[in-house]
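Participant: Have a look at this one.
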Amino acid sequence: MKLKNKVAFITGGTSGIGLESAKLFQAEGAQVVLVGSNAERLAAAGNELGGKALLVGADIRKVADIERAVEETRAKFGRIDVLFANAGATTVAPLEAVTEAYVADNLALNFTGTFFTIQKAAPIMTQGGSIIVTTSFLNTIGYPGLSILAATKAAARSLVRTLGAELAPRGIRVNAVSPGAIATPFYSKIGLPDNVLSEVATSITQRIGLKRFGDAVELAKTALFLASDDSSYTTGAELVVDGGMTQF
Ligand SMILES: NC(=O)c1ccc[n+]([C@@H]2O[C@H](COP(=O)([O-])OP(=O)(O)OC[C@H]3O[C@@H](n4cnc5c(N)ncnc54)[C@H](OP(=O)(O)O)[C@@H]3O)[C@@H](O)[C@H]2O)c1
Numbered sequence: 081m082k083l084k085n086k087v088a089f090i091t092g093g094t095s096g097i098g099l100e101s102a103k104l105f106q107a108e109g110a111q112v113v114l115v116g117s118n119a120e121r122l123a124a125a126g127n128e129l130g131g132k133a134l135l136v137g138a139d140i141r142k143v144a145d146i147e148r149a150v151e152e153t154r155a156k157f158g159r160i161d162v163l164f165a166n167a168g169a170t171t172v173a174p175l176e177a178v179t180e181a182y183v184a185d186n187l188a189l190n191f192t193g194t195f196f197t198i199q200k201a202a203p204i205m206t207q208g209g210s211i212i213v214t215t216s217f218l219n220t221i222g223y224p225g226l227s228i229l230a231a232t233k234a235a236a237r238s239l240v241r242t243l244g245a246e247l248a249p250r251g252i253r254v255n256a257v258s259p260g261a262i263a264t265p266f267y268s269k270i271g272l273p274d275n276v277l278s279e280v281a282t283s284i285t286q287r288i289g290l291k292r293f294g295d296a297v298e299l300a301k302t303a304l305f306l307a308s309d310d311s312s313y314t315t316g317a318e319l320v321v322d323g324g325m326t327q328f
């Protein structure tokens, strides 16, 4: 029970990495707050957690929604011990396809949303608290068609250092988990037809040292390490979970 009696606030908790982390955190004793923007997926995720999680519908692109989600958490539990800023999504857009609106939307979800999730939650976080941000292999390697997502993830990696320094005097640690290619619904939402997606998956797999996609559970276990006191002397760091993709 590594998170016994802890309150864990998870954005992007309705699917993939966030949902697997929510299940693991709950099994380790946490009271989970699940945040998602899609009401159906939120309800389904709530069922998967046996109806024990607080479910909050919020669009992370809107600061007012983030504020309301934090306020609902404060009203119910009074505090946040673990914050997992994990929500993220994009569509593939090569250089010539990127528009001003595309940049604004990607920034709003994948960077600004992450920043304001931390800003709004920090005042009710406890001494010894842990913040985890999901970054990406994209801030280490250049992958065509994902320039804006990659830039937002590199910016999120930077935040982990700066906000880690700002929050360290309060005993709050800030770390990143950097997934490689993980088998989640993320890929079904990036706007590629199935046949192209399977070609992309084959070519990515060849780049991975362990020659397979990761499982969301493997990310959840790393998030649990960062969430718990097992990582009590780790802050400002990024733990890479990518089967060697960015290392070899
Ligand atoms: N899978 C990979 O290979 C991979 C690699 C590198 C990094 N990552 C990162 O890992 C994180 C989790 O992704 P995943 O792979 O688990 O994908 P996923 O299964 O698609 O999960 C994405 C989550 O983000 C939430 N989300 C999307 N837009 C939102 C919005 N506007 N407001 C609130 N929540 C929103 C989704 O919830 P709703 O749609 O229900 O709102 C969902 O819970 C993301 O930050 C992603 O960039 C993934």
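Residue 97 in the working numbering sits at position 17 of the sequence shown; the count goes up by one each step and never skips. The beta-carbon is built from N, C-alpha and C at its ideal position, and this holds for glycine as well. Since we're looking at a predicted model, the values are computed, not measured.
Just confirm the distance between the C-beta atoms of Val136 and Leu163, as a whole number of angstroms; I'd bet it's less than 8 Å.
Facilitator: Your numbering for residue 136 matches position 56 in the sequence shown. Your numbering for residue 163 matches position 83 in the sequence shown. The Cβ separation is near 13 Å, so there is no contact.
Participant: Under DSSP, the alpha helix (DSSP H) around Arg121 begins and ends at which residues?
Facilitator: In the sequence shown, the residue the question calls residue 121 occupies position 41. 119 to 128 is the extent of the alpha helix (DSSP H) around Arg121.
Participant: Report yes or no: is there a C-beta of chain B within less than 9 Å of the C-beta of Ile221?
Facilitator: Of the protein chains in this structure there is only one, and it is not chain B.
Participant: In the DSSP assignment, what residue or residues form a beta bridge with Ile90?
Facilitator: Stepping through the sequence shown from its first residue, residue 90 is reached at position 10. DSSP lists Leu114, Phe164 as partners of Ile90.
Participant: Let me know if Leu290 comes out buried or exposed under the rule of 16 or more other beta-carbons within 10 Å of its beta-carbon.
Facilitator: One-based indexing of the sequence shown puts residue 290 at position 210. That one is exposed.
Participant: Which whole runs of the beta strand (DSSP E) in the stretch 231 to 316 are 3 residues long or more, in chain order?
Facilitator: If we require 3 residues or more, the beta strand (DSSP E) runs fully inside the stretch 231 to 316 come out as 253 to 259.
Participant: Taking Asn255 as the reference, which of Phe266, Ala236, Val297 has the closest Cα?
Facilitator: Against the sequence shown, residue 255 aligns to sequence position 175. The shortest C-alpha separation from Asn255 is found at Ala236.
Participant: Under 8 Å by Cβ, that's how I've got Met325 and Gly260 pegged, so tell me the actual separation to the nearest angstrom.
Facilitator: What you label residue 325 is simply residue 245 of the sequence shown in a count that begins at 1. What you label residue 260 is simply residue 180 of the sequence shown in a count that begins at 1. About 4 Å; that satisfies the 8 Å criterion.
Participant: So the alpha helix (DSSP H) Leu99 belongs to, where does it begin and stop?
Facilitator: For this step, residue 99 is matched to residue 19 along the sequence shown. From DSSP, the alpha helix (DSSP H) with Leu99 extends over 96 to 107.
Participant: By a C-beta neighbour count over all protein chains shown, 10 Å radius and 16 as the cutoff for buried, is Gln106 buried or exposed?
Facilitator: The count along the sequence shown starts at 1 and reaches residue 106 at position 26. Gln106 comes out buried.
Participant: Assuming Thr220 contacts Phe191 (C-beta within less than 8 Å), just tell me the rounded distance between them.
Facilitator: Taking the sequence shown and counting its residues from 1, the one referred to as residue 220 is at position 140. Taking the sequence shown and counting its residues from 1, the one referred to as residue 191 is at position 111. About 17 Å; that fails the 8 Å criterion.
Participant: Scan the stretch 136 to 217 and note each continuous alpha helix (DSSP H) run of 4 residues or more that stays entirely inside, going in chain order.
Facilitator: Complete alpha helix (DSSP H) runs here, min 4: 143 to 157, 180 to 187, 193 to 201.
Participant: By Cβ distance below 6 Å, which residues in the same chain neighbour Glu152 in space, the five residues on each side in sequence not counted?
Facilitator: The sequence position of residue 152 within the sequence shown is 72, counting from 1. Val136.
Participant: Kindly indicate the opening and closing residues of the beta strand (DSSP E) around Leu319.
Facilitator: On the sequence shown, position 239 is the one that residue 319 refers to. From DSSP, the beta strand (DSSP E) with Leu319 extends over 318 to 321.
Participant: Exposed or buried, Asp161, counting other C-beta atoms within 10 Å across all chains shown (16 or more means buried)?
Facilitator: Within the sequence shown, residue 161 is the residue found at index 81, counting from 1. Counting Cβ neighbours within 10 Å, Asp161 comes out buried, since at least 16 surround it.
Participant: Suppose the cutoff is 6 Å on Cβ atoms and the five residues either side in sequence are ignored; what does the same chain contact list for Lys86 look like?
Facilitator: Residue numbering aside, residue 86 sits at position 6 when the sequence shown is read from its first letter. Only Ala110, Asp161, Val162 meet the Cβ criterion.
Participant: Which of the three DSSP states is assigned to Leu83 in this structure?
Facilitator: In the sequence shown, counting from the first residue as 1, residue 83 sits at position 3. Reduced to three states, the DSSP call for Leu83 is coil.
Participant: What does the Cβ neighbour count give for Phe328, buried or exposed, with the cut at 16 atoms within 10 Å?
Facilitator: Residue 328 sits at position 248 when you count from the first residue of the sequence shown. Exposed: under 16 other Cβ atoms inside 10 Å.
Participant: For Ser226, which beta-bridge partners are listed by DSSP?
Facilitator: As a working mapping, residue 226 is identified with position 146 in the sequence shown. Note that residue 226 is Leu in the sequence shown here, rather than Ser. Note: Leu226 sits in no beta bridge, so no partner.
Participant: Please report the straight-line C-alpha distance between Ala133 and Glu176, rounded to a whole angstrom.
Facilitator: Indexing the sequence shown from 1 puts residue 133 at position 53. Indexing the sequence shown from 1 puts residue 176 at position 96. Distance between the alpha carbons of Ala133 and Glu176 is about 43 Å.
Participant: Taking Cβ positions, are Ser95 and Gly116 nearer each other than 9 Å?
Facilitator: If you number the sequence shown from 1, residue 95 lands on position 15. If you number the sequence shown from 1, residue 116 lands on position 36. Yes, the pair counts as a contact, with Cβ atoms nearer than the cut-off.
Participant: By a C-beta neighbour count over all protein chains shown, 10 Å radius and 16 as the cutoff for buried, is Val276 buried or exposed?
Facilitator: On the sequence shown, residue 276 is found 196 positions in, with the first residue counted as 1. That one is exposed.
Participant: From Ser311 to Phe305, what distance separates their C-alpha atoms?
Facilitator: Indexing the sequence shown from 1 puts residue 311 at position 231. Indexing the sequence shown from 1 puts residue 305 at position 225. Using only the alpha carbons, I get a separation of about 6 Å.
Participant: Quick check on Arg250: buried or exposed, where buried means 16 or more other Cβ atoms within 10 Å of its Cβ?
Facilitator: Here residue 250 corresponds to residue number 170 of the sequence shown, with the count starting at 1. Arg250 should be labelled exposed.
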